[in-house]
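Residue numbers (full-length UniProt numbering): 1 to 1279. Glycine is no exception: its CB is placed at the ideal position from the N, C-alpha and C atoms.
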Amino acid sequence: MAEPNKARPLVSENFLDAPTQRLLAVGLAVFFQARKIWEVLQSYVVTSASQRSWLLLKWGALDALFFLALPLFRIPRLKFSLRVALAQLLMMLCINWAALGDWHIPAGTLRQPLAYIPWLNTDTQISITERKVTLDQVVDASAHLLGQHTVRLSPINTAKLNPQGLSYCLAPHTHNSAFVPIVFNNSQPHVLQYSISPLGDKGPRTYVNLTWNDLKSISSTRTKLMSHTQTPVPVRPRIKLSEADEWDQLDEEEEKPIKHNSDEPALSKTERLAHVRIVQPGVVRLERVLDKAGADFRIRYSEVVVVECPSVGFEPAGDKNLGNRCTGDRVDMSVRARGVAPIELKWGVTIAPKTKYSTRRSGQDFTIRGIEGKEEIEGAPVAQDLIIPLSFSFDSPGRHTFALANLSDAIGNSVNPALPQHSLKPGHQTSDADLTHTRTFDVLSRPSAAFENCQPGKDLQLLKGKEGHLNIIVKAESYDEQDGWGAHISFVPDEPVKADATGVAGMVGKVAERVANALDKTTTPTPWTKFFPAASGSNKIKLPATESGTYTLTRVAGDSCEGVVRSPEVCRVVEVPLPRAEVEVERIHECSGDVGIHTIFTMDGTPPFRIHYTTTDSKGTTKSQERYLGARGELKLQPNKSGTYTYSFDAVSDAYYSEVPLTGPGRTVTQVVHPLASAKFTDANVDTCGESQEIEVALELSGVGPWKVEMQLGSEVMKFDRLKRERETVKVPIPKEVYARGGKVGLDLVSVEDGNGCKRTLSSTQMSVEVRRVKPTARFYSQDGSHRIVVPHESKAELPLRLTGDKPWRIEYRTPGSQQVHKKLLHTANDQLSVKAAGKYEIVSVSDHHCPGTVVPEGAFYHVDWIPLPAVGFAHSAGAFDKEREVIVRPPVCAGEEDYAEVALIGRSPFQVTYSHTDPKSHTEESLFTSLKNITRLAMRTSESGTHTYALQHLVDTTYNNGIRLDTRRTRGLRLEQNVLMRPSARFKSTDRISRCLNTDLNLSHDPGAVLSLTGTPPFTLSVAVRNLAEGETHHTQIVTNDHEWAINVPDYMFRTIGPHQVAIERIRDASQCAELGSASERLLWIDVAETAAIIPLERRVDYCVGDVLNFQLEGTAPWQVGYTFNGKHTSAKSASSRFSRVAAQPGIFRVESIAHQQNYCKTAVRDVEMKIHQLPTARVSDGNRVIEDIREGDQAEIVFKLTGEPPFTFTYQRTELIDPKKKSKTPPKVAETHTVSNVFKNEHSIFSAAEGTWTVTFISDKWCRYPTAAVDSTVPEA
């Protein structure tokens, strides 16, 4: 079972998540390696070998620190095992050694790969086959000194019992037997003897003899048993060897590293593996091993202890209700173990949460070390039965699984009881079927709860007669759905309080009290305590509150676990009394009778209060209510019409109760009402205009008709009678002084008298009358009196107005060319009229807020004019107009000449014109130019030959900022076309110097570089000058051609002297008569006139060896071309230097045949220059193979040397000491002896030796050649 503390990262994921930790680790590794690469590259430039050794130690330590520390952080996906970390570190140390180590490749043992890449090797030379080679490629060391012969003495036979130093026990899955390995080296055993002594030296030693066939049978049995089990072999520590065990230096060198977690040791090619089967506990000792010849094996690791395998399991629990526990409980368990004491037990607990919101497992691991056994058998490796108590406290809910992870005994054997123990027969399963390695408990969380809707000082209000509307809620803060939960609640009722019948309630209050008492329960409540279970999956319990008193949460419990009572645990419920009201009614009596009632209410309860009452008259019954915030309220009811009215006050409501009936006398009142007369103006203000001398005033009357009304206008009082309708209009004459001058005057209602003769004086009934004698006017305004405005084309114009009167004004006007009248609402006296069309506008009529007005005749009209649009076009001087193509054609010009076309502009400057230009390649681009004048010039583009087209597209002037779009298809003079003529030019295709021989004519038609390229319109006329710089002479000639290319051919000119000559094109003309283009250097060609070439060997010898360099001296003018043959194959080589060298890469005949200047000019035949190249001699030891020969002491080995070449031969051989292939050393093996043999006329030579070592050849020479050469092999002694 994996340990949870190893599963979590060292740095908490709450502080730094796993992806960020991985990013930081990888980034640190990349930074380390980048810094290392930089220092390695820098070390090869500015440091020495000793400083590189320091860098090797430094980076080795840093890499070891990184790769060994990285697993300790336990970062997910970077949590490597120790073996992987060591492998990574070893690979990085190898890379460090390859980059910074002081290593070298011995000469002749490995070819240098870069030497075969010519462009990476600066020591390359050209061979006679015209290939770039190096001397190491030509003279291959591996092809001339081949083979070696190694003589070894036979090694000693050894046998190792338990080579890995593991511990063994009798396991059930192997039929209670142990298979102990034995490794034999260098030979196969014939007879083996081992002994077994009982543990603790209690009994005689038993000896067992086995043959090689017996060992093979045991190995076969072991393979069959192991194939039926999947139990991995535990890691076992090495057993300490006794001082009596023998130790051999050769065996130590041949020891291989063991493979952990495996019984199979690593074997070399000379080792064999066998096993002995042990079926009883004891000390096994390997006594003797013999081979077929009867020779003894040297024995190592002679003893191993075999005991019973340990076993462990939980003892059966006596408690049947073992499965469920509660948080905070403690559990005690017993573990039965058997093994060699002291033993070590590893166990752990895994906690799996049961909530759906968390699925992450957690756990703890524990280790109990040093569990001692019985004192009487201490010191002897005998298995004992032990009882180990375990105790654990449950702190969190969830499924707790206890597992026994591992049991280790004193010998080093360990067992994981979680893995299956298979065997071949059912009878060989675990001995105690009642023992298990796991035990599981379901830990339930304890419930906790409190009242939800109750707080200290805030009691719940219980209304009388509404028991089902109040619930007390108990809410669980935590509980386990598997366990359920419930609440124990106790109730203590309040003491009954006797109602006080006295006070403000009066008779109505007593009636309300009797109604409330009738609603109460007839029985007196008694205290109680009850249990209320919660519904499945619910965290709340609703308890209906039917009685006032104190409810206490005394206990919370689940089916299995006792719970916790949280605060608040007390909830008080109080009963709210019914509201009451006293009603006092007074009649309101005025003039001729009752006009209404005045009511006073005195209320008891929880405000706000509402009084519900009904009013009944001839039209029916109307329900109404009044709201009061205090305990006292007033209400006046005065109808505005006569009749019989009945008022009934029915119920009262407060903050808790609604419409509690009111009882008792005085709550219903009936009266006949005669309302007082009343009058008022319908409008508060009246405006009058025109010539009328009366004001029409609207009145609204109430009461009993007909009515008489008195009004006062200024100081005059007027009477109006016989008004029969409730809404009347009377005409009031305007006073003369007000009518004459106009203005405001106040009109007041003085009194009103109804049909019963009841007169009533009125107050605060007034209206304002304004009399107007001035009419509003309207006119257009013009500062200069012209009543005219000029605006851009189709732009909006603002026509100024002047208005008199009161806002707002409504005017009517006509637009140009139409008799239709338009209306406009204006709000200011200086407002403007917005129009868009050009023409004459006329104001028809005007009216203000009160009266219609007049239009001033002088300002009734206004004129709107438009500014003319600008125009642009090419002037007549720009060119001739082509009617067919509708384009202006401008005269052609030569490329590069300046040219301008005039453009005419109409409008208000400055102008901005946008035009498009299309070049001969049909590429169009837009440009613009600005002008302050009405005539401007447009620069033509003449840099590129061909047809150019210009089109004017857009025009902007001062008035029209947005500009106008020009249509070239409808408007003439907007497109212009011009043809730009190409200038002639000439240039040579190549400026390389050309070589010619003396006494030849100037004809370069076959030379591709001596071609003159011509551009322009043919025919072309060329003026050619040929200059002899050595003599200072110049030859002139004229050439006419119709082609665009001319190969230089001046047949009337001969090269009479050697030295540089120059061909220059002085002038060129074509059909366009345009001046030529191009620089003088592009029309210039150099010709070198040379004499005959020659080649001379630098050495006066004929015989050469492969690898030698053939050197020659070249005479004449560079470059040269040398023709030669090698083994009948002709080759032509070029040389820019006067020193001509070729490496003899193959044997054969080398002969120089010709020498010439470049391109075979001035070629000369060569005779009597011939060399013979000989192959290098070869020496082979043992036919060029690597032979290893094992001999016994006293025997001799024959070493055969085979020589290839032309005798006589001379060769040198040497013997080196043997080296251990397991030990890697930078230094070469030590040379034991060296000999030189000369005057050998045969191709084979033999020597005999009984010494141990390796024979190789270091030098060979024949009649012509030697290898290595004298410069390399200068230290070889002469024979």
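Element boundaries [alpha helix (DSSP H), containing residue 97]: Taking the first residue of the sequence shown as position 1, residue 97 is located at position 97. 82 to 100 is the extent of the alpha helix (DSSP H) around residue 97.
What does the alpha-carbon distance come out to for the pair residue 1168 and residue 1123? The sequence position of residue 1168 within the sequence shown is 1168, counting from 1. The sequence position of residue 1123 within the sequence shown is 1123, counting from 1. Their backbone Cα atoms lie some 14 angstroms apart in a straight line.
With contact counted as at least three CB pairs below 8 angstroms, one residue from each stretch, are the region 1174 to 1191 and the region 1232 to 1243 in contact? no
Could you check whether residue 702 and residue 728 sit closer than 8 angstroms to each other, using their CB atoms as the reference points? The residue you call residue 728 lines up with position 728 of the sequence shown. The residue you call residue 702 lines up with position 702 of the sequence shown. For residue 728 and residue 702, no; Cβs fall outside 8 angstroms.
Coarse secondary structure for residue 533, derived from DSSP in three states: Residue 533 sits at position 533 when you count from the first residue of the sequence shown. It is a strand residue.
Buried or exposed: where does residue 15 fall if 16 or more other Cβ atoms within 10 Å of its Cβ makes it buried? Counting from 1 along the sequence shown, the entry for residue 15 is found at position 15. Answer is exposed; the Cβ neighbour count stays below 16.
Specify, as a first and last residue, the run of the alpha helix (DSSP H) that residue 737 falls within. On the sequence shown, residue 737 is found 737 positions in, with the first residue counted as 1. 736 to 741 is the span of the alpha helix (DSSP H), which, as asked, contains residue 737.
Along the chain, where does the beta strand (DSSP E) that runs through residue 1086 open and close? The residue labelled residue 1086 in the question sits at position 1086 within the sequence shown. Residues 1084 to 1090.
Identified DSSP bridge partners for residue 1002: Walking along the sequence shown from the start, residue 1002 turns up at place 1002. DSSP, once it has assigned bridges, lists 1050 as partnering residue 1002.
Output the distance between the C-alpha atoms of residue 825 and residue 867, rounded to the nearest integer angstrom. On the sequence shown, residue 825 is found 825 positions in, with the first residue counted as 1. On the sequence shown, residue 867 is found 867 positions in, with the first residue counted as 1. Going by the C-alpha atoms only, they are around 30 angstroms apart.
So, at 8 angstroms on beta carbons, what are the nonlocal neighbours of residue 418 in its own chain, with the 5 sequence-adjacent residues on each side left out? Here residue 418 refers to the residue found at position 418 when the sequence shown is read from its first residue. Excluding positions up to five away in sequence, the list reads 1, 403, 404, 405, 437 and 438.
Suppose contacts are defined by Cβ-Cβ distances below 8 angstroms. Is residue 893 in contact with residue 981 by that definition? Locating residue 893 in the sequence shown gives position 893, counting from the first residue. Locating residue 981 in the sequence shown gives position 981, counting from the first residue. Yes, the Cβ-Cβ distance between residue 893 and residue 981 is below 8 angstroms.
How many Å lie between residue 956 and residue 928 at the Cα? Sequence index remark: in the sequence shown, residue 956 carries index 956 (1-based). Sequence index remark: in the sequence shown, residue 928 carries index 928 (1-based). Cα-Cα distance, rounded: 11 angstroms.
My guess is that residue 349 and residue 463 are in contact by the Cβ rule of under 8 angstroms, so how many angstroms apart are they, rounded? Here residue 349 refers to the residue found at position 349 when the sequence shown is read from its first residue. Here residue 463 refers to the residue found at position 463 when the sequence shown is read from its first residue. Not confirmed; about 56 angstroms, so no contact.
In terms of alpha-carbon separation, which member of 863, 774 and 920 lies closest to residue 851? Sequence index remark: in the sequence shown, residue 851 carries index 851 (1-based). Nearest option by C-alpha distance: 774.
Tell me whether residue 850 sits in a helix, a strand or coil according to DSSP, three-state version. Your numbering for residue 850 matches position 850 in the sequence shown. In this structure, residue 850 counts as coil in the three-state DSSP scheme.
Please classify residue 137 as buried or exposed, where buried requires at least 16 neighbouring CB atoms within 10 angstroms. Sequence index remark: in the sequence shown, residue 137 carries index 137 (1-based). Buried, since its Cβ has 16 or more Cβ neighbours within 10 Å.
Residues bridged to residue 572 by DSSP? Within the sequence shown, residue 572 is the residue found at index 572, counting from 1. Residue 572 pairs with 550.
Give me the Cα-Cα distance between residue 203 and residue 382, rounded to the nearest whole angstrom. For the purposes of this step, residue 203 is taken as the residue at position 203 of the sequence shown. For the purposes of this step, residue 382 is taken as the residue at position 382 of the sequence shown. Approximately 14 angstroms, taken between the alpha carbons.
Close-in-space but distant-in-sequence residues of the same chain around residue 533 (CB under 6 angstroms, 5 per side omitted): Position 533 of the sequence shown, counted from the start, is the residue given in the question as residue 533. Result list for residue 533: 486, in chain order.
Option in 564, 642, 1128 and 682 with minimal Cα separation from residue 1153: Within the sequence shown, residue 1153 is the residue found at index 1153, counting from 1. Checked all of 564, 642, 1128 and 682; the closest Cα to residue 1153 is 1128.
Under a three-way DSSP split, which group does residue 21 fall into? Position 21 of the sequence shown, counted from the first residue, corresponds to residue 21. Correct three-state label for residue 21: helix.
Could you check how far apart the C-beta atoms of residue 389 and residue 329 are, in whole angstroms? I think they sit under 8 angstroms. Locating residue 389 in the sequence shown gives position 389, where the first residue counts as 1. Locating residue 329 in the sequence shown gives position 329, where the first residue counts as 1. Going by Cβ atoms, the distance from residue 389 to residue 329 rounds to 17 angstroms, so no, they are not a contact pair.
Should the region 753 to 764 be regarded as contacting the region 820 to 838, the criterion being three or more beta carbon pairs within less than 8 angstroms? no
Given the structure, does residue 528 come close to the ligand GTP, in the sense that its CB is under 7 angstroms from one of the ligand's heavy atoms? Only the bare structure without any ligand can be found here, which leaves the ligand GTP out of the picture.
Please name the residue in 795, 855, 864 and 857 whose C-alpha comes closest to that of residue 817. As a working mapping, residue 817 is identified with position 817 in the sequence shown. For residue 817, the nearest C-alpha among the options comes from 864.
Give the list of continuous alpha helix (DSSP H) stretches no shorter than 4 residues that lie fully inside the region 715 to 771. 736 to 741
DSSP puts residue 1070 in a beta bridge; with which residues? Counting from one through the sequence shown, the residue named residue 1070 turns up at place 1070. According to DSSP, which records beta bridges pairwise, residue 1070 is partnered with nothing at all.
Going by CA-CA distance only, name the one from 749, 1060, 693 and 145 that's closest to residue 1185. Numbered from 1 along the sequence shown, position 1185 holds the residue referred to as residue 1185. The candidate whose alpha carbon is nearest that of residue 1185 is 145.
Is the region 59 to 69 touching the region 85 to 99, taking contact as three or more C-beta pairs under 8 angstroms? yes
In angstroms with no decimal places, state the Cα-to-Cα distance between residue 1281 and residue 884. Only positions 1 to 1279 of the chain appear in the structure, and residue 1281 is not among them; the question remains open.
Beta-carbon spacing of residue 545, residue 635 below 8 angstroms: Within the sequence shown, the letter at position 545 stands for residue 545. Within the sequence shown, the letter at position 635 stands for residue 635. No; because the gap between Cβ atoms is not below 8 angstroms, this pair is not in contact.
Just mark residue 1255 as buried or exposed, buried being the case when its beta carbon has 16 or more other beta carbons within 10 Å. Here residue 1255 is taken as the residue at index 1255 of the sequence shown, counted from 1. Its Cβ being crowded by 16 or more others within 10 Å, residue 1255 is buried.
Does residue 969 come out as helix, strand or coil in the three-state DSSP assignment? Within the sequence shown, the letter at position 969 stands for residue 969. Coil.
Let me check understanding here. Comparing Cα to Cα, which of 999, 905 and 31 lies closest to residue 954? Here the question's residue 954 lines up with position 954 in the sequence shown. Selected option, being the one with the closest Cα: 905.
Once you ignore the five residues that flank residue 565 on each side, which residues in its own chain have a CB closer than 6 angstroms to its CB? By 1-based counting over the sequence shown, the position of residue 565 is 565. These residues qualify, in order along the chain: 553 and 556.
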